[in-house]
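**Q** Before anything else, here's the structure in question.
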Amino acid sequence: MLSRVHNRANMGQSNLLGRCRFVGGDLRHLLNGERDAGVENKLLPASIEDSLFNITSSNKAEEMKENWSKRTKNSGLTFDDCFPDHFLVTFPPPCSLEDMSQIRESSHNPRNFLAIPIEKSGDIFTLLIKGVLAIFLVASISLVFFSAFSKHSRTIICPDYDSVFTPSGSQSEINHQIPREEYEDTNISHIVFGIGGTAKTWNDRRHYVESWWTPKITRGFVWLDEKPNLWWTAKSPPYRVSEDSSRFKHGSSPSAVRIARIVSESFRLGLKNVRWFVLGDDDTVFFTENLVSVLSKYDHNQMYYIGGNSESVEQDVRHTYAMAFGGGGFAISYPLAAELVRVLDGCIDRYFYFYGSDERIQACLAEIGVPVTKELGFHQFDIRGDPYGLLAAHPVAPLVTLHHLDDVKSLFPSGTRLDSLRSLRKAYKVDPGRTVQQSFCYDLSRNWSVSVAWGYTAQIYPFLLSAKDLGTPLQTFQTWSSWQNEPFTFNTLPMSTEPCERPVVFFLDRVEEVNGGGTRTSYKRLAAEPGKNCERVDYVPALSVKSLNVLATKMERDAWKKAPRRQCCEIINGKGGVERVVQVRIRSCSLRESVTPP
Numbered sequence: 001m002l003s004r005v006h007n008r009a010n011m012g013q014s015n016l017l018g019r020c021r022f023v024g025g026d027l028r029h030l031l032n033g034e035r036d037a038g039v040e041n042k043l044l045p046a047s048i049e050d051s052l053f054n055i056t057s058s059n060k061a062e063e064m065k066e067n068w069s070k071r072t073k074n075s076g077l078t079f080d081d082c083f084p085d086h087f088l089v090t091f092p093p094p095c096s097l098e099d100m101s102q103i104r105e106s107s108h109n110p111r112n113f114l115a116i117p118i119e120k121s122g123d124i125f126t127l128l129i130k131g132v133l134a135i136f137l138v139a140s141i142s143l144v145f146f147s148a149f150s151k152h153s154r155t156i157i158c159p160d161y162d163s164v165f166t167p168s169g170s171q172s173e174i175n176h177q178i179p180r181e182e183y184e185d186t187n188i189s190h191i192v193f194g195i196g197g198t199a200k201t202w203n204d205r206r207h208y209v210e211s212w213w214t215p216k217i218t219r220g221f222v223w224l225d226e227k228p229n230l231w232w233t234a235k236s237p238p239y240r241v242s243e244d245s246s247r248f249k250h251g252s253s254p255s256a257v258r259i260a261r262i263v264s265e266s267f268r269l270g271l272k273n274v275r276w277f278v279l280g281d282d283d284t285v286f287f288t289e290n291l292v293s294v295l296s297k298y299d300h301n302q303m304y305y306i307g308g309n310s311e312s313v314e315q316d317v318r319h320t321y322a323m324a325f326g327g328g329g330f331a332i333s334y335p336l337a338a339e340l341v342r343v344l345d346g347c348i349d350r351y352f353y354f355y356g357s358d359e360r361i362q363a364c365l366a367e368i369g370v371p372v373t374k375e376l377g378f379h380q381f382d383i384r385g386d387p388y389g390l391l392a393a394h395p396v397a398p399l400v401t402l403h404h405l406d407d408v409k410s411l412f413p414s415g416t417r418l419d420s421l422r423s424l425r426k427a428y429k430v431d432p433g434r435t436v437q438q439s440f441c442y443d444l445s446r447n448w449s450v451s452v453a454w455g456y457t458a459q460i461y462p463f464l465l466s467a468k469d470l471g472t473p474l475q476t477f478q479t480w481s482s483w484q485n486e487p488f489t490f491n492t493l494p495m496s497t498e499p500c501e502r503p504v505v506f507f508l509d510r511v512e513e514v515n516g517g518g519t520r521t522s523y524k525r526l527a528a529e530p531g532k533n534c535e536r537v538d539y540v541p542a543l544s545v546k547s548l549n550v551l552a553t554k555m556e557r558d559a560w561k562k563a564p565r566r567q568c569c570e571i572i573n574g575k576g577g578v579e580r581v582v583q584v585r586i587r588s589c590s591l592r593e594s595v596t597p598p
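For the sequence shown, the residue numbers in the UniProt record's numbering are 1 to 598.
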């Protein structure tokens, strides 16, 4: 007889009863590979006691293991997963009805079960102690039987998984399979990036990718059309050459088919511990910590497709509002990627006439039935001109991506496009979640409205504006294709050419951390072009300000998992008059506080 290492020498009748119920009930179905009518279809009691593994040998052990494998073939579990090596388990033949009746008769006879020997002389105290012990024993047995046969207990908890399996018909279903690492919050290691590029353009665009890529931390590949004829730097992501896609139908852009298949090729690499596939272009700039913050709001075990639309209505109408635009980046959860890969190639041929890879992906996901979940921090940047107005009044959402930076003016007027990006990312590294988040407040003594887009710009209006107007982007840009002033997918305010109707603008000069988890940013006034200063009296105090300093606490790591709310600010120096430096503090809004001008 095989048993556990800590084998018990004696097994009482209650243990024998447990063994017989165990074998004669549930395990018999595994041995026979079938279900008996009228017997509840469960695998094992949850309250698995040591005695249940003291099971004698049987020539049906191998057959049981085979049936176990059949029942659990879709769960990813093996017999050894759920019965580790320290359990030496073999199985006896089912108990006969005669055996069961004898056990039942013996174990349920109250005279036999509760018999307590009493000496003739009697001892009241001894009787009392034995009576209490008998009551305790009955209660304990009742609890064991209740646990063994309750619905909750007839499940199996696999040692390597915090999972619950119940059989359905002849095949087990996974009700909820959560490996222990699933309890870990989503982080950058759970994301695989697929970056679409070409060997010809990579050297000109790699600086955008290298600005956010962190070797040995970020995972993924640049997918090229051919092997590059240049030295591949260690700062760049590793590259792969895409599979030949010439067999697929295509319209005007054969590269769109190749790029659409990046998600499929990435999935088939079989990388471990992947929760999200994130796709983008070789000129897409990701703010990875904010990307993680956004994705961690969603259950990666569900099918999600997350991204953003184009800013230009003409682009959304031409393609579709239902699409996450690829240049702005989008994320596909692992379960959705698994389903997409199954249908993608045939789907690509069906939609050969579409223009871009992102439109093909959306069409295939529409066949699966999964819509886009829109997040306001994904920026396709389908705009022309100066992006200043859009970033100065950024939505109340974390900045996740920027795109098309070669097609707009520099983010900072004093630097190149790449230098401007470095300046913005310098602030981002200090406080990622707060980057370009807008706060505004009022200085009633000077009749000022002050707006701060943290880490980027500050504005002083020498007059009072409503919160609605302060939160509306100034139109410093035009539409993508037609270069028109409208329409966009958000409201804009016209940027007046009249100097006395424009704000006094400041740009980020430096950023630093301060003690206690805070930051100090300084914004330097942008010199107006000659002849463009307002000479009105009410503008003089604002134009005399050379810099604006902002104190703020760092955003909480989980702040974006809560209901979004713009933070408040207050001016903490000056009572009117002329000052060269204005001090502002950004803080969480108090209870019942609102930003309301008089």
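Each residue gets a CB set at the ideal place from its N, CA and C atoms; glycine is no exception.
(1) In terms of residue numbering, what span does the alpha helix (DSSP H) encompassing C364 cover?
(2) Given L399, which residues of its chain have a CB within under 7 Å of its CB, disregarding the five upstream and five downstream residues?
(3) For L591 and R275, what's the separation of their Cα atoms in angstroms?
(4) So what does DSSP say about R585, is it helix, strand or coil?
(5) Decide if the region 546-565 is in contact with the region 472-489; the criterion is three or more beta carbon pairs, one per stretch, under 8 Å apart.
(6) Residue range of the beta strand (DSSP E) that G280 falls in?
(7) So is V241 buried or exposed if we call it buried at 16+ other beta carbons inside 10 Å?
(8) Which residue wins for smallest C-alpha separation from G196, given the options G518, Y239, S445 and H250?
(9) Is it right to say Y321 is buried, meaning 16 or more other beta carbons lie within 10 angstroms of its own, or is it exposed?
(10) Which whole-angstrom value is the C-beta distance of Q475 and T492, which I expect to be below 8 Å?
(11) Shortest alpha-carbon distance to A467 belongs to which of W448, Y456, F477 and F440?
(12) So is R21 buried or exposed if we call it buried at 16+ other beta carbons inside 10 Å?
(13) Indicate whether the contact test is met: 3 or more Cβ pairs, each with one atom in the region 414-434 and one in the region 346-362, closer than 8 Å.
(14) Taking C-beta to C-beta, are T373 and G280 nearer than 8 Å?
(15) Do the CB positions of V257 and I348 come within less than 8 Å of each other?
(16) Taking 8 Å as the cut-off, decide whether the C-beta atoms of A337 and F248 are in contact.
(17) Rounded to whole angstroms, what is the Cα-Cα separation between N447 and E184?
(18) Mapping the DSSP letters down to three states, classify A260 as helix, strand or coil.
(19) Kindly list the residues whose CB is nearer than 8 Å to the CB of P387, restricted to its own chain and excluding five residues on each side of it in sequence; keep chain order.
(20) Between G326 and chain B, is any beta-carbon pair separated by less than 8 Å?
(21) Look at the alpha carbon of G220 and the alpha carbon of V192, and state the distance between them as a whole number of angstroms.
(22) Within the region 187-261, note down every full alpha helix (DSSP H) run reaching 4 residues or more, in order along the chain.
(23) Starting from the Cα of G346, find the closest Cα among E367, G327 and G328 and give me that residue.
(24) Do you know whose CA, among R566, T596 and E579, lies nearest C589's CA?
(25) Can you tell me whether F136 is helix, strand or coil according to DSSP?
(26) Which class does residue 623 belong to by DSSP, given the choice of helix, strand or coil?
(27) Going by beta carbon distance, what residues of the same chain come within less than 7 Å of A397, once the five residues before and after it are set aside?
(28) For the 8 Å Cβ check, are there 3 or more pairs between the region 494-513 and the region 521-534?
(29) Does DSSP put D26 in a helix, in a strand, or in coil?
(30) Whole angstroms is fine: what's the gap from S562's alpha carbon to S420's?
(31) From the DSSP output, in three-state form, read off T479 for me.
(32) For W212, tell me which candidate among N573, L424 and V540 has the shortest Cα-Cα distance.
(33) Per DSSP, what kind of secondary structure is E593 in: helix, strand or coil?
(34) Go to I572, then tell me how far its alpha helix (DSSP H) extends in each direction, as first and last residue.
(35) Give the range of the beta strand (DSSP E) segment to which A331 is assigned.
(36) Suppose you measure from the CA of G307 to the CA of A331; what does that come to, to the nearest Å?
**A** Here's the rundown:
(1) Here the alpha helix (DSSP H) through C364 covers S357 to I368.
(2) F287, N290, G377, T435 and V436
(3) 37 Å
(4) strand
(5) Result no; under three Cβ-Cβ pairs closer than 8 Å.
(6) W276 to D281
(7) exposed
(8) Y239
(9) exposed
(10) 4 Å
(11) Cα-wise, what sits closest to A467 is F440.
(12) Summary for R21: the model assigns pLDDT 38, below 50, so the residue's position carries little reliability, and this model does not support an answer.
(13) no
(14) no
(15) yes
(16) no
(17) 50 Å
(18) Here A260 sits in helix by DSSP.
(19) Counting only Cβ-Cβ distances below 8 Å, and skipping sequence neighbours, we find F381, V408, K409, L411, T476 and F477.
(20) Protein chains in the displayed structure number just one, and chain B is not present.
(21) 5 Å
(22) 202-210 and 254-260
(23) E367
(24) R566
(25) helix
(26) With the chain running from 1 to 598 in the structure shown, residue 623 is simply not present.
(27) E375, L376, G377 and P564
(28) yes
(29) Low local confidence applies: a pLDDT of 44 at D26 is under 50, so the model's placement there is unreliable, with the coordinate-based value given in what follows. If DSSP states are grouped into helix, strand and coil, D26 belongs with the helices.
(30) As written in the sequence, residue 562 is Lys, which differs from the Ser given in the question. Whole-angstrom Cα-Cα distance: 31 Å.
(31) When DSSP states are grouped into helix, strand and coil, T479 belongs to the strand group.
(32) L424
(33) coil
(34) Careful: I572 lies outside any alpha helix (DSSP H) and carries neither H nor E.
(35) F330 to S333
(36) Cα to Cα, G307 sits roughly 7 Å from A331.
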